[in-house]
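*Asks:* Following this message is one structure expressed as structure tokens.
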Amino acid sequence: MYVSADLIWLAVALPFAGFLVNGALALWRPGAKTVVSIVGSAVLLGAFAVVALIFRSYAAAGLTTAHVVPLWTWIPAGALRIELSLLVDRLSLVMLLVVTGVGSLIHLFSVGYMRSDPGYARYFAYLNLFIVFMLVLVLGSSLPVLFIGWEGVGLCSYLLIGFWYGEKANADAGKKAFLVNRIGDFGFMVAMFLIWVSLGNLNFLQISELAPQQLVAGGTLVTMITLFIFLGCAGKSAQIPLYVWLPDAMAGPTPVSALIHAATMVTAGVYLVARTNVLFAMAPLSSTVVAGVGALTALFAATIGLRQYDIKKVLAYSTVSQLGYMFLAVGTGAYVAGVFHLVTHAFFKALLFLGAGSVIHSMHHAYHATHSHEDAQDMRNMGGLRRSMPWTFTLMLIATLAIAGIPPFSGFFSKDEILAAAFARGAEIPVFRVFWSFGVVAAALTAFYMARLMAMTFFGDNRTGAAEEKHLHEAPAIMTVPLVVLGFLSAVGGLLNLPTLVGGDAKLEHWLDPVIEGAHHFFPLEMPQGQTEYVLIGLAILIAVGGLIAGWRVTMSGPILPARQAVPEVGFWKVLYHKYYVDEFYEAAIVGPLRRFSERVLWKDVDQGIIDRGGVEGSAGLARTLGWIGTRLQTGQVGVYLTVFLVGALGIFFVVMG
Amino acid sequence: MADTIFMALGAIAVLSALFCVFQRSALAAAIWLVVTMLALAGMYLILGAPFIAAIQVLVYTGAIMVLFIFVIMLLNLGQGASDIRGPGAKAVALVLAVATGTYLLRLAGYDPARLAFELTGTTDLSPATVFATAEAARQAAEAQGVVGAVAAPLFTTYLVPFEVTSLLLLAGIIGAIVLAKKRI
Amino acid sequence: MLLGPALSISALLFSIGVLGVLIRRNAIVLFMCIELMLNAVNLTFVALAQYHGVGGQLMVFFVMAVAAAEAAVGLAIILAVFRHTTSVDLKTNTLLQG
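Sequence lines, in order, name chains H, Z and W.
Going letter by letter, the first sequence gives residues 9 to 666 in this note's numbering.
Going letter by letter, the second sequence gives residues 63 to 246 in this note's numbering.
Going letter by letter, the third sequence gives residues 385 to 482 in this note's numbering.
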């Protein structure tokens, strides 16, 4: 049956209704967990169903054009007319499927994970609200509407990171995420202003048409615009130098990390670049910057992940690193590769996070039973869990193979395509060869730290403690079933865009062609063929396998001590463990001085001094003084009055009659 | 001849005014003011306004100044201390008075020709032609007599101000009576 | 004729009146100086009535009428104040102060 794209608003309305219901329950009936579970999950599954039906109808009809669904006029201000309308096209449908699909699975997982939490209803309210904003972001037909979603997901991220706000560290992490994002948002807004001033239109479809006509390709204006857009992306998608919020964001519940900080929100930056691909294609300098920052971030974050012991932190840095790959892809001009990696990464990274969530859930249970205060997330306290959690182990293993890039799992195809594109671009712009080498090294490191993670967590002897060991068990079905679905997707996800080399038909590539054909005109890319392609693939497999083996060997080479007995780090390992001291540097160079300036100058001098004493008390004093002067004039002496009268009369004579 | 008398009367008026202002006794000041007014009445005569001259003597000196003298005597102020202000006020007053005087004395340079010029903007016409209406009025006055010359416009062109003035006088009477009562 | 001299005498009388108003503290004498100023103005009107017609003289007529009413009421006020404060010195009557 044909489902028109006009019904896409339903996909946004359903989670919003879920937010309202769950929010109301959170305020007045926080104990009604069953209702919350049903409403929270059902609206997501409903949204996914709507999206799936629309996708099927759209694909069956063979449509290549975008379908704009106007809702209402948001800001009619003279020449500036911002409509609130939704854009359904091939790119947004891909994103929609990922957001609603993976989102539904994570909602189901959360039902089990957050069962015993008192803020259950609030959690689902925020989670539903997040989906609403993410859908608005993906469906926005113009930059302002996308920005609504952009800001909204930032808000929900803040709310969910600081979900357990009783602990100051969690609240601080939420604030950090929001503030660092804000810096990126500044870039986004400047880009919007520049686009408005130069093109006079903020809708994506019109921008793609007007930019080639009105802007000079490779010119300053388009470069400025794209660099500012990228600043926004660097904030939202955690690239250098604005990545520092993402590891701290692990303070939130693990399903939140899976949904927001792996699969959806952080990929908004990549989506934005893919949406404005014409602009980036017209500015090769900016694209190079994007690719360079992406490659550097990929390498940088991978090195940090080598020496982290908190399982979620390893995965956080892994996310930053993989996002770097996606930006490397879109910077190279391989927009499809970037989106492809976005999709496969959503599958395996969500699986990794949810699996880690299962592990942490089990560890918490164990420590709770023995009233121990050990860190349940520290991998040094784990070990040998494959015996007690076989399902989780198997599925995380699939995800590890996918992220490392072992064929035939999905990650291999997407990562390989990115590296091949970077290598190909290196032929015209030599610096891309450097980026490619960063990507290769990062791939090796990825395999290494993932193997390390698996080894420390699931193999070897159990270090949790003799008393706790018997409490370690597999997660309940509600949590394991979503893992299975994600495992399946991580395994076969490669089929989405199987390269022609191995007999595939590059489905995603052809699907997204209409969206990026504008960019092809300015920034065409010749993918490597034949011999080169085989060599590159061989190299990719080699480093993946090599990295895995190296990671396994190094980790299992010596005994691992539990966290309480751990030896402090030394030398270069210490630097890695402390994340290259970047947070400390920001604190000393930026945050500290800003806070001191704010307290000493802005508060004491400006607010208390100028505004309170000068402005408020000053105007009162002025009124009092004027009143006093008036009093002095009323002397009551007629002689004085007469004198003044005569002076005034003389004055008037002078003025009037000259 | 008329001019000399006019200047003499003017001198008397000015001198009397000065004496009036600087007298210590209020009664003396009143008497000097009477002298000034009588001199002014003479000047009005020479300027061709006999009716006004008569009224000046009757109303101003005969009624208003008499009223002043009545009140002064009623209050029985006596010699007492001088009621002229101190040197500071004198200085300010002098400055202002001199300023006013110098400003107004620019009028001294007027003569009929200049007046005619300012009225019509040209010097071609003689004052006689410009002020023909005034001349005609004067002739009519000779015919009707002094009082008639004033009365005719009074009851025609200036009727409304005339009637309003009568209302004003009524208000004045009522006000004076009310204020003078011992208990209102 | 006599326009210039008349106007200058009027100016002198007016300035002397201003001087008197500013220099005297006795309310009644102050009032008399105001009457002096009014007379100066009357002289101006009459002098110019020679050229502008009898309207000038009629202005004098009205001025005198108003001056009479004003003198009557003003003196009545001064008497009323004197009854309360037994003084017509302006220095002591400062009830308007504020």
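Ideal Cβ positions, reconstructed from N, Cα and C, are used throughout, including at glycine.
#1: Using only the alpha-carbon positions, how far apart do residue 81 (chain H) and residue 93 (chain H) sit?
#2: In angstroms with no decimal places, state the Cα-to-Cα distance between residue 449 (chain H) and residue 312 (chain H).
#3: Can you find at least 3 beta carbon pairs, one from the stretch 552 to 571 of chain H and one from the stretch 129 to 140 of chain H, that sit closer than 8 angstroms?
#4: Look up residue 386 (chain W) in the DSSP assignment and say whether it is helix, strand or coil.
#5: Identify whether residue 89 (chain H) lies in helix, strand or coil by the three-state DSSP scheme.
#6: Please list the residues of the stretch 610 to 641 of chain H that have a C-beta atom closer than 9 angstroms to any C-beta atom in chain Z, keeping them in chain order.
#7: Below 6 angstroms, is the gap between the Cβ of residue 118 (chain Z) and the nearest heavy atom of the ligand GTP?
#8: Measuring alpha carbon to alpha carbon, tell me which of W:458, W:467 and W:477 ends up nearest residue 412 (chain W).
#9: Starting from residue 123 (chain H) and walking both ways along the alpha helix (DSSP H), at which residues does that stretch end?
#10: From residue 117 (chain Z) to residue 139 (chain Z), what distance separates their C-alpha atoms?
#11: Leaving aside the five residues before and after residue 119 (chain H) along the sequence, list all residues of the same chain whose C-beta is less than 6 angstroms from its C-beta, in chain order.
#12: So, using beta-carbon positions, are residue 207 (chain H) and residue 358 (chain H) closer together than 7 angstroms?
#13: Between which residues of its own chain and residue 348 (chain H) is the CB-CB distance below 7 angstroms, once the five residues before and five after are set aside?
#14: Taking contact to mean 3 or more Cβ pairs, one atom from each stretch, closer than 8 angstroms, check whether the stretch 254 to 266 of chain H and the stretch 150 to 169 of chain H are in contact.
#15: What residues in its chain sit with their C-beta under 6 angstroms from that of residue 310 (chain H), if we drop five residues either side in the sequence?
#16: Helix, strand or coil, according to DSSP, for residue 146 (chain Z) in the structure here?
#17: Does the distance from the CB of residue 129 (chain H) to the CB of residue 38 (chain H) come in under 7 angstroms?
#18: Can you tell me which of the three DSSP states residue 83 (chain H) falls into?
#19: In chain W, what lies closer than 9 angstroms to residue 644 (chain H) by C-beta?
#20: State the start and end residues of the unbroken alpha helix (DSSP H) segment that holds residue 625 (chain H).
#21: Just the chain H side, please: which residues come within less than 7 angstroms of residue 474 (chain W) by C-beta, in chain order?
#22: What are the uninterrupted segments assigned as alpha helix (DSSP H) that are 4 or more residues long and contained completely in the stretch 375 to 441 of chain H, given in chain order?
#23: Does DSSP put residue 353 (chain H) in a helix, a strand or coil?
#24: Go to residue 74 (chain Z), then tell me how far its alpha helix (DSSP H) extends in each direction, as first and last residue.
#25: Looking only at its own chain, which residues have a Cβ that is under 7 angstroms from the Cβ of residue 134 (chain H), when we skip the five neighbours before and after it?
#26: Quick one: what's residue 408 (chain W) bridged to in DSSP?
#27: Starting from residue 214 (chain H), trace the alpha helix (DSSP H) in both directions and tell me its first and last residue.
#28: Helix or strand or just coil, what does DSSP make of residue 94 (chain H)?
#29: Name the chain Z residues whose beta carbon is nearer than 8 angstroms to that of residue 448 (chain W)?
#30: Entirely within the stretch 590 to 614 of chain H and at least 4 residues each: give me those alpha helix (DSSP H) ranges in chain order.
#31: Can at least three beta-carbon pairs, one atom from the stretch 385 to 395 of chain W and one from the stretch 165 to 180 of chain Z, be found at a separation below 8 angstroms?
#32: Please report the straight-line C-alpha distance between residue 549 (chain H) and residue 607 (chain H), rounded to a whole angstrom.
#33: Give me the DSSP bridge partner(s) of residue 148 (chain H).
#34: Please determine if the stretch 451 to 466 of chain W and the stretch 607 to 620 of chain H are in contact, where contact requires at least 3 C-beta pairs separated by less than 8 angstroms.
#35: Roughly how many angstroms lie between the CA atoms of residue 4 (chain H) and residue 52 (chain H), to the nearest whole one?
#36: Residues bridged to residue 301 (chain H) by DSSP?
*Replies:* The answer reads as follows:
#1: 8 angstroms
#2: 13 angstroms
#3: no
#4: coil
#5: strand
#6: none
#7: Absent from the structure shown: the ligand GTP. Ligands present: none.
#8: W:458
#9: Run containing residue 123 (chain H): none; DSSP gives neither H nor E here.
#10: 30 angstroms
#11: 45 and 486
#12: no
#13: The beta carbon of residue 348 (chain H) lies closer than 7 angstroms to those of 422, 425, 504, 505 and 516 in the same chain, with the five residues before and after it left out.
#14: Touching, yes.
#15: 329, 450, 453 and 454
#16: strand
#17: yes
#18: strand
#19: 477, 478, 479, 480, 481 and 482
#20: Here residue 625 (chain H) belongs to no alpha helix (DSSP H), and DSSP marks it neither H nor E.
#21: 645, 646 and 647
#22: 393 to 396, 398 to 412 and 418 to 433
#23: helix
#24: 64 to 84
#25: 164, 167 and 168
#26: Paired residues: Z:146.
#27: 212 to 222
#28: strand
#29: 117, 118, 121 and 122
#30: 590 to 594 and 600 to 605
#31: Three or more pairs of CB atoms, one per stretch, sit closer than 8 angstroms, so the stretch 385 to 395 of chain W contacts the stretch 165 to 180 of chain Z.
#32: 55 angstroms
#33: H:94
#34: no
#35: As displayed, chain H neither begins before 9 nor continues past 666, which places residue 4 (chain H) out of reach and without an answer.
#36: Answer is none; residue 301 (chain H) lacks a bridge partner.
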